[in-house]
Amino acid sequence: LVILNCDSDDYEGQKTRMCNEMDHNAVWGDIVDTCSLKAPIINYPQSSYTFIQFIPIDTVIPITQYRITSYSINPPLGNGLSFNENNGQITGTPLVYAPATNYTVTASNEEQFTSIVITIIVSDKTCDSDGEWPDTQVGQLVILNCDSDDYEGQKTRICNEIDYNAVWGDIVDTCSLRA
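Residues 194 to 372 (the working numbering) make up the sequence shown, in order.
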């Protein structure tokens, strides 16, 4: 009996072939092939994404393993976002506010499929102006110069979304007297 591995790492199982005796001669029997495609593995770097309305997103690229011939998503993404059925990537600029929505992404091959769930929020929230800090959309970082030319560095502050509310983060002040 000869046992062989499948032709690629995308498969599991084995191939076997028996050497038989027929009329005092060694004769190979039929190949028994139990190889089958492994189920695709798919994940995204995060399980939840918050995008900001009218701000282009960084492409969301899945992490995959084994043979995948197609991808699908359900429900369809909102206006301005696109799902690539050839590579599972999410791209675009969200045009419509959307509360937290669960999306089922499925990766398939000729024999099997795997589904995962990711959550996407499209926020239209802004932090109101606060002194020198202007109205700012959630997720955006504001960078201000120091108050005087005698100082170097900058002040930064981010507008966060907490429980669906726009909330200013702490001020990070790296301003210091010039040497």
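In this text, a Cβ means the ideal position worked out from N, Cα and C, and glycines have one as well.
query = Start and end of the beta strand (DSSP E) containing Cys352?
reply = Gln347 to Ile355
At least 3 beta-carbon pairs within less than 8 Å: the segment 322-339 vs the segment 270-289 = no
query = Just checking, does the segment 288-305 make contact with the segment 259-273 on the three C-beta pairs under 8 Å criterion?
reply = yes
Proximal residues to Asn213 (C-beta, below 8 Å), its chain only, five neighbours per side dropped = Ala219, Val220, Trp221 and Gly222
request  = Tell me Arg210's beta-bridge partners as DSSP assigns them.
outcome  = Val195
request  = Would you mind listing the beta strand (DSSP E) stretches within the segment 205-286 that are 3+ residues and don't spill past its ends, in chain order?
outcome  = 207-210, 212-215, 218-221, 234-236, 241-245, 256-258, 263-267, 274-276 and 283-285
request  = Using only alpha-carbon positions, find the residue among Cys368, Gln347, Tyr290 and Asn272 that is nearest to Asp315.
outcome  = Reading off the sequence shown, one finds Val at residue 315, where the question assumed Asp. The shortest C-alpha separation from Val315 is found at Tyr290.
task = From the DSSP output, read off the bridge partner residues of Cys320.
result = Thr329
query = In the structure shown, what three-state DSSP assignment does Asn295 receive?
reply = strand
task = Measure the C-alpha to C-alpha separation of Gly362 and Thr252 and round it to an integer number of angstroms.
result = 26 Å
Assigned exposure category for Leu370 - 16 Cβ within 10 Å defines buried = exposed
query = DSSP on Asn358, reduced to helix/strand/coil?
reply = strand
ask   = Buried or exposed: where does Gln239 fall if 16 or more other Cβ atoms within 10 Å of its Cβ makes it buried?
value = exposed
key: Nearest-angstrom Cβ-Cβ length linking Met215 and Leu194, presumed shorter than 8 Å   = Contact doesn't hold; Cβ gap of about 16 Å is too wide.
inquiry  = Is it buried or exposed, Ile311, if we count other Cβ atoms within 10 angstroms and call 16 or more buried?
reply    = buried
query = When DSSP labels each residue in this structure, what does Asn302 get in the three-state scheme?
reply = coil
ask   = What separation, rounded to the nearest whole angstrom, lies between the Cα atoms of Pro249 and Asp317?
value = 13 Å
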